[in-house]
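Asks: Below is the structure I would like to discuss, written out as structure tokens.
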Amino acid sequence: MVDINTGSPDTESEHRRDRRFQVSQAAIITQPGHIEIACEIRDFCLGGLFLKFTNPEAAIASLAKRADAAVEIVFTPASSDTTQTFRIPAQLKRLSPLGIGVSFSKHPVDALRALQKLRMARHRQRLADLPESGAHPQLRDASTTLLSETLLQVHDQMMRVLGDKLSAAAIQASGITEHSGLLSAVQEFNKHAAAVQGRFVQQILDALKHARPVQTQATRDTSDGGLALVDELDFEDWLSTSSEAHKLEEQFREQLIDIEPRIGQLFGFSCDQSNNPFGPAVIGHAYRSALEDVPVIARARQIAYATLRDVLADQLAPLYAELLA
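So this is what it looks like as structure tokens:
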């Protein structure tokens, strides 16, 4: 593989941590003064794309000496309801015999949303092609995969903006203790990101499999099998999470009313907003639980919960649309 990357190691490491999602979408690479290069978007993450060449020999000859060149990736989604064409500013990074990786010059929210919708449409088409007798377990598997991939994207997207939000809040902090705590939280969230993401996603998938429910109430289990109220600090933390979840439940009220009986029937349990693994309450409280071992101040956790809500407001819409299709 020919590496034409001369970017910063930190940026590259950050990009490689993002989960990559497979897709198939025709595109072209354009740059003023150079011929257009036909290719196919084969996977994407929040940091960039991998493009497979239609004509590798010609593409490599054209790109080999354009290290770190600024280009545009142009595509029109094949299954889009409109004929919108996306033009993504990007930088050439890793050239291989079959294709090239590019990093985004700025985060292309709408283009990534279009690629995610395309992936979901492909999932639905594969299910539609199955014989009716085999569709039920396949639908469970597909729904589980969509949920898992959505949660991974949610956390990746959160980590891209959370540091800036914490730093901005530190500037407005009421005192030196809060200021220092918020700046320290930036490092702690980055340090624990992989572990938090793993716990966050696994808790929700366990709830979906009935292995272990996510605690969405302001109580905790006791040694004798009963329930007890959580302490004051834990209650404030629970309240912050519940407040953000409630905002999302209001935003997606109609979709959740339709989704809950479908999920209950598909996965075999009585599904409501308190135990719906696809719902804001379970997702929010699973994230709260995943943060328990991260040593950050309460204000930093509140900012994280609000950031999660903002990201979910964007990511849940296509997930719910697919579940209701």
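Okay, so the sequence shown: first residue is 6 according to this note's numbering, each after it adds one.
Ideal Cβ placement from N, Cα and C applies to all residues, glycine included.
Please read these numbers as outputs of a predicted model, since none were measured by experiment.
(1) Work out the CA separation of I78 and S354 for me, nearest whole Å.
(2) Using only the alpha-carbon positions, how far apart do H141 and G38 sit?
(3) On the premise that K170 lies in contact with I288, defined as a C-beta separation below 8 Å, what is that separation, rounded to the nearest angstrom?
(4) What alpha helix (DSSP H) runs, 4 residues minimum, are completely inside the region 236-303?
(5) So what does T149 bridge to, in DSSP terms?
(6) Buried or exposed: which applies to Q158, given that a residue is buried once 16 or more other Cβ atoms fall within 10 Å of its Cβ?
(7) Taking DSSP as the reference, what is the three-state secondary structure of V79?
(8) Give the DSSP bridge partners of K57, in chain order.
(9) Can you give me the C-alpha to C-alpha distance between L117 and F49, rounded to a whole angstrom?
(10) Can you give the Cα-Cα distance for I42 and A74, rounded to whole angstroms?
(11) Would you mind stating whether V299 and F194 have Cβ atoms separated by less than 8 Å?
(12) Would L51 and R165 be called neighbours here (beta carbons separated by less than 8 Å)?
(13) How many whole angstroms separate the CB atoms of I46 and F91, which I take to be in contact at a CB cut-off of 8 Å?
Replies: Once the coordinates are examined:
(1) Since the displayed the chain opens at 6 and closes at 330, residue 354 lies outside it and no answer follows.
(2) 53 Å
(3) Not a contact, Cβ separation roughly 19 Å.
(4) 237-256, 258-272 and 285-295
(5) Answer is none; T149 lacks a bridge partner.
(6) buried
(7) strand
(8) E45 and G104
(9) 8 Å
(10) 14 Å
(11) yes
(12) yes
(13) In fact, because the Cβ distance is near 10 Å, the residues do not count as touching under 8 Å.
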